[in-house]
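First the structure, in the form of structure tokens, and then the observations on it.
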Amino acid sequence: MNETLEVIAKRYACRDYKDEMIPDEQLRAIAEAAIQAPSGMNRQPWRVIVVKDRELIKDMEAEGMSYMAGMEDKSTYNRIMERGGRLFYGAPCMIVVPIDPTQYAAAMLDCGILCQNIALAATSLGIANVICGLTGMAFASGKRSEEFSKRLGFPEGYAYGCSVLLGYANTTKEPHVPDQEKIIFVG
Ligand SMILES: Cc1cc2nc3c(=O)[nH]c(=O)nc-3n(C[C@H](O)[C@H](O)[C@H](O)COP(=O)(O)O)c2cc1C
Numbered sequence: 355m356n357e358t359l360e361v362i363a364k365r366y367a368c369r370d371y372k373d374e375m376i377p378d379e380q381l382r383a384i385a386e387a388a389i390q391a392p393s394g395m396n397r398q399p400w401r402v403i404v405v406k407d408r409e410l411i412k413d414m415e416a417e418g419m420s421y422m423a424g425m426e427d428k429s430t431y432n433r434i435m436e437r438g439g440r441l442f443y444g445a446p447c448m449i450v451v452p453i454d455p456t457q458y459a460a461a462m463l464d465c466g467i468l469c470q471n472i473a474l475a476a477t478s479l480g481i482a483n484v485i486c487g488l489t490g491m492a493f494a495s496g497k498r499s500e501e502f503s504k505r506l507g508f509p510e511g512y513a514y515g516c517s518v519l520l521g522y523a524n525t526t527k528e529p530h531v532p533d534q535e536k537i538i539f540v541g
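Position one of the sequence shown corresponds to residue 355 (the numbering used here), numbered consecutively onward.
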């Protein structure tokens, strides 16, 4: 295996972080890897917002948990509660990726690819991470979405796309076992 394949195989979803900030130099390297991602017609329909503001992370976590607690389907809320009741697992840092929603499906695909660049770049630097779609729960009720968009500095009209939590692992786990049956060769 070469270095790239090793990093891909090593990446896993970290759900328990130390309270220790990542140096800016490494965050910048990760953000630069993010914007290196391909996008349909090179539209780059995103921003890469590196959030080190713990108050803001805490506020989004509280709003997300409160929204999920009120949902009729409690399965997501219960899953988070089983994992310790922390939507962001104590991560000191997150990268939020808002997207241009005028071409939502294409922009979401681009956003996903960009988030994987973040995850792999972070892994390559020894920084634990998890792609965290559930950050969207902080925007879901609409009650604080404007406030959060403003505090995060979303450009006008942009909407939450996805996020990646970053930090140093307090506890680690193995990545999922890839299902070899999913691979199909034709011809
Ligand atoms: C688009 C996307 C959204 C995800 N959202 C969350 C999330 O909100 N919270 C979480 O704990 N994990 C989230 N994950 C992580 C997956 O649950 C994880 O990648 C999967 O269980 C496989 O485990 P592994 O990454 O450790 O191999 C997300 C992953 C992707 C790709």
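The beta carbon of each residue, even a glycine, is placed where N, CA and C say it ideally should be.
Between the alpha carbons of residue 356 and residue 535 lies a gap of roughly 23 Å. Judged by pairs of C-beta atoms under 8 Å, the stretch 511 to 519 touches the stretch 445 to 454, as three or more such pairs exist. Annotation: the stretch 494 to 537 contains the following complete segments of the beta strand (DSSP E) (minimum length 3 residues), in chain order: 513 to 521.
Under a 10 Å Cβ-count criterion, residue 418 is classified as buried, with 16 or more other Cβ atoms of the shown protein chains found around its own Cβ.
Under DSSP, the beta-bridge partners assigned to residue 371 are 523.
When rounded, the separation of the alpha-carbon atoms in residue 371 and residue 434 is 15 Å.
Counting C-beta atoms within 10 angstroms of its own C-beta, residue 508 has 16 or more neighbours from the protein chains shown and is therefore classed as buried. Straight-line measurement puts the Cα of residue 538 at about 43 Å from the Cα of residue 373. Selection 541, 391, 481 and 487 evaluated against residue 361 yields 481 as nearest (Cα-Cα).
In its chain, beyond the 5 residues on either side, 418, 421 and 422 have a beta carbon closer than 6 Å to the beta carbon of residue 491. The beta-carbon separation of residue 483 and residue 477, rounded to 7 Å, stays under the 8 Å limit for a contact.
Under the 10 Å beta carbon count, residue 414 is surrounded by 16 or more other beta carbons and is classified as buried. Closest by C-alpha distance to residue 525, out of 453, 445 and 511, is 445. Per DSSP, residue 447 is one residue of the beta strand (DSSP E) stretching across 447 to 453. In the three-state scheme derived from DSSP, where H, G and I count as helix and E and B as strand, residue 361 is classed as helix. When the Cα atoms are used, residue 460 and residue 394 turn out to be separated by approximately 7 Å. Spatial neighbours of residue 471 in its own chain (CB-CB distance under 6 Å, excluding positions within 5 residues in sequence) are listed in chain order as 387, 388 and 391. Collapsing the DSSP output to three states places residue 482 in a strand.
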